[in-house]
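Residue numbers (my numbering): 548 to 880.
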């Protein structure tokens, strides 16, 4: 598709055109992965963050948030709980917490690798040095998620303070690819000041990067941020961006993110029907889930809890898909 084709899809409100897009994206996914939906266990290890991103509820300046950190023992207990459910991939996510030095992260990764030698370990701990990324990889991490958020320098500067740059974010993503990680990038649809041209740039950046994973979901404001009063992202726009990504990158793994279920009760199922093929039930301790408050109403999505794992599993089957509990490494591009 050329740029005009993509912009037309981004801006169209024609239901027939949108349904045709979704049908094409399902076809692209099914030709590569079939109807399989892969499970990853999410562990939110810390809600401390040194950054002050304007959209994120765990930003440094949010003084209303009760902070927490999971210990290595608590993280291993989460992994054990996930393993008991049959999950073969653990995703360790957190803010850019200075407490979790490169050495501490590597120690945690090594401990997980020791106890679960055949599982995949995914990290999502933000911008680090190439040396740090190499250390984590050597310790046993396989994958790394780092959403680029927006591929427009101008738009990036409207979402982040001046000490954060798109150039550094891209530098980190390229370093991760070079080291050998399976890499995930991604963006939000409907962020403040976003234009159709920004979304086009996001799609083209993903094409250039060729990530193994792409996380795409709606912007949802968090009350205690500078963007707390802004409207949330549009459901259909988010679904269209998932579908476009699937068509242009058919081998990329795309999650039906939790935020989809926040803006629509059947949001996850709609994301699957738009081309997504990954879900991430939450393995974090019950006491800390509501504290990882990156956006409003996150704690209300009960199906994300490991305790209701069976409900999620059955929902996927009822939606016409096949749950796949393998570690499911992305196919080579």
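Think of the CB as a built atom: it goes at the ideal place given N, C-alpha and C, for glycine as much as any other residue.
Helix, strand or coil: which one does DSSP assign to residue i?
{"i": "residue 829", "result": "strand"}
{"i": "residue 847", "result": "Residue placement at residue 847 is poorly supported in this model, since its pLDDT is 46, which falls under 50; the coordinates still yield a value, given next. In this structure, residue 847 counts as helix in the three-state DSSP scheme."}
{"i": "residue 857", "result": "helix"}
{"i": "residue 569", "result": "helix"}
{"i": "residue 627", "result": "helix"}
{"i": "residue 752", "result": "helix"}
{"i": "residue 840", "result": "coil"}
{"i": "residue 555", "result": "helix"}
{"i": "residue 745", "result": "helix"}
{"i": "residue 563", "result": "helix"}
{"i": "residue 576", "result": "helix"}
{"i": "residue 787", "result": "helix"}
{"i": "residue 795", "result": "helix"}
{"i": "residue 621", "result": "helix"}
Kindly identify the DSSP beta-bridge partner or partners of residue i.
{"i": "residue 692", "result": "731"}
{"i": "residue 765", "result": "736"}
{"i": "residue 616", "result": "593"}
{"i": "residue 869", "result": "583"}
{"i": "residue 636", "result": "667"}
{"i": "residue 800", "result": "760"}
{"i": "residue 588", "result": "637"}
With a threshold of 7 angstroms on Cβ separation, who are the neighbours of residue i within its own chain once the five nearest residues in sequence on each side are excluded?
{"i": "residue 865", "result": "none"}
{"i": "residue 573", "result": "820, 822"}
{"i": "residue 883", "result": "With the chain running from 548 to 880 in the structure shown, residue 883 is simply not present."}
On a Cα-Cα basis, can you pick out the residue from the options that is closest to residue i?
{"i": "residue 677", "options": "748, 720, 652, 698", "result": "720"}
{"i": "residue 737", "options": "777, 590, 873", "result": "777"}
{"i": "residue 804", "options": "869, 862, 735", "result": "735"}
{"i": "residue 693", "options": "743, 638, 647", "result": "638"}
{"i": "residue 644", "options": "563, 756, 591", "result": "591"}
{"i": "residue 556", "options": "744, 801, 603, 760", "result": "744"}
{"i": "residue 582", "options": "825, 625, 832", "result": "825"}
{"i": "residue 640", "options": "621, 576, 680, 594", "result": "594"}
{"i": "residue 668", "options": "586, 740, 606", "result": "586"}
{"i": "residue 665", "options": "685, 689, 642", "result": "689"}
{"i": "residue 685", "options": "567, 715, 649", "result": "649"}
{"i": "residue 566", "options": "779, 783, 837", "result": "783"}
{"i": "residue 860", "options": "632, 779, 702", "result": "632"}
{"i": "residue 837", "options": "604, 579, 562", "result": "604"}
{"i": "residue 799", "options": "576, 561, 562", "result": "576"}
{"i": "residue 761", "options": "773, 589, 732, 833", "result": "732"}
What residues in its chain sit with their C-beta under 8 angstroms from that of residue i, if we drop five residues either side in the sequence?
{"i": "residue 750", "result": "553, 788, 791, 792, 795"}
{"i": "residue 569", "result": "786, 790, 820, 821, 822"}
Using a Cβ-Cβ cut-off of 6 angstroms (strictly less than) and excluding sequence neighbours within five positions of residue i, which residues of its own chain qualify?
{"i": "residue 698", "result": "748, 749, 752"}
{"i": "residue 724", "result": "730"}
Along the chain, which unbroken stretches of the beta strand (DSSP E) at least 3 residues long are found entirely within the stretch 645–722? 667–671, 690–692
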